[in-house]
Structures are given as C-alpha cells and as structure tokens.
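A short write-up of the structure that comes next.
In our numbering, the protein residues as written are 25 to 180.
Structure below.
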C-alpha cells in the first residue's frame, strides 16, 4: 500500500509540475497568436490601401459581401484590417479585436464564390487562433491585463 501511495504522490507531483510549466507558457502563446494574426490582417489592409482602385474593383466583381454596397464593404473591411490588429497587438480591448477580426475572417470566406482549399485552411487556422483569443482573452502580457491589475477594468 505504501508503494502505491508513494507512486501516486510522485505522479501527482509530476503532473502538477507539468501543469505549472505549461501554465507559465500561456502568456507567450497568447502573445504569439495575437502577433501572428495581427500581422496577417494588417498586411492585407495595407495591400488594399496601397492599390485602392484594384481594391474597389475586387469588391465590385470578386467579393460578394452580403448586405453592404461594394464601396462601403471595401472601406469597412480595410478599416477593420488596419485598426483591429493594432488593438490585438496591444491587447487593448483584446476580445473586441478578436471578435472583429473573426467577423472579417468569416465574411472573407463567405464572400468568395470559389476559395482554394489552401486559402480555406489558412482562414480556418486564423479563425482558430482568434476563437482562442476571444474565449480566453489576450493574456497576461496585454494592456487589458495591465489595466485589470490596477483596478481600471474588471478583468482581462
């Protein structure tokens, strides 16, 4: 019986140690997810801004954004791709940024009549990262967490 108790105790200590080490990596993982997704969307916004005539042409002919006129959809999408990633990088209103980029991601997939499988996989990957940030927040290394620690907001 003593052997079983000792073995169980060692196993529990091992599991606890693993959990502690993995928990310590969470802020880094959340920051990495924020930075990765933000750079993808921000680069897309810059591309649209650099060649606005092509952007408008694509929204008029290729992208079938529901409910919005093409020019308004182009402006809204570009603005979202430029502003929301900044919020995500800072972790300021992190869940709002993740939600907004999730909407842009979903609209991008739905607005393309024929999306390549590789492109769809990319969107699914970005969506998974955004969903994690939406559910668990931007993490300890964020302005949201800094504000929460000072009692400015309820939680990060």
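Heads up, the beta-carbon is just placed ideally off N, CA and C, and yes, glycines get one too.
Segment contact, 8 Å Cβ cut-off, at least three pairs: the stretch 151–169 with the stretch 114–131
Judged by pairs of C-beta atoms under 8 Å, the stretch 151–169 touches the stretch 114–131, as three or more such pairs exist.
Cβ contact check for the stretch 145–162 and the stretch 124–135: 3 or more pairs under 8 Å
Judged by Cβ distances under 8 Å, the stretch 145–162 makes contact with the stretch 124–135, as three or more pairs qualify.
Taking residue 151 as the reference, give the member of 172, 173, 123 and 177 with the closest Cα.
Closest option to residue 151, Cα to Cα, is 123.
Buried or exposed: where does residue 29 fall if 16 or more other Cβ atoms within 10 Å of its Cβ makes it buried?
Counting Cβ neighbours within 10 Å, residue 29 comes out exposed, since fewer than 16 surround it.
Could you give the C-beta distance for residue 159 and residue 126, rounded to a whole number, given that I count them as a contact under 8 Å?
The C-beta distance from residue 159 to residue 126 rounds to 11 Å, too long to fall under 8 Å, and the pair is not in contact.
7 Å CB neighbourhood of residue 180 in its chain, flanking five on each side removed:
Confidence at residue 180 is low in this model, with a pLDDT of 48, below 50, so its placement is unreliable and the value that follows should be read with caution. For residue 180, where only same-chain residues beyond five positions count, the Cβ hits under 7 Å are 161, 162, 166, 168, 169 and 172.
Please classify residue 102 as buried or exposed, where buried requires at least 16 other C-beta atoms within 10 Å of its C-beta.
With 16 or more other Cβ atoms within 10 Å, it is buried.
Let me confirm a value: residue 6 is counted as buried when at least 16 other C-beta atoms fall within 10 Å, else exposed. Which label applies?
The question about residue 6 has no answer, for the chain in this structure spans 25 to 180.
Could you name the residues of the same chain whose beta carbon sits closer than 7 Å to that of residue 129, not counting the 5 residues immediately before and after it, in chain order?
Hits under 7 Å: 147, 150, 151 and 154.
Residue from 73, 34 and 84 whose Cα sits closest to the Cα of residue 105
Scanning 73, 34 and 84 for the CA closest to the CA of residue 105 turns up 73.
Considering just the uninterrupted stretch of the alpha helix (DSSP H) at residue 88, what are its terminal residues?
Boundaries for residue 88: no alpha helix (DSSP H) harbours it, and the DSSP string shows neither H nor E there.
Less than 8 Å between the beta carbons of residue 111 and residue 61, yes or no?
No Cβ-Cβ contact shorter than 8 Å links residue 111 with residue 61.
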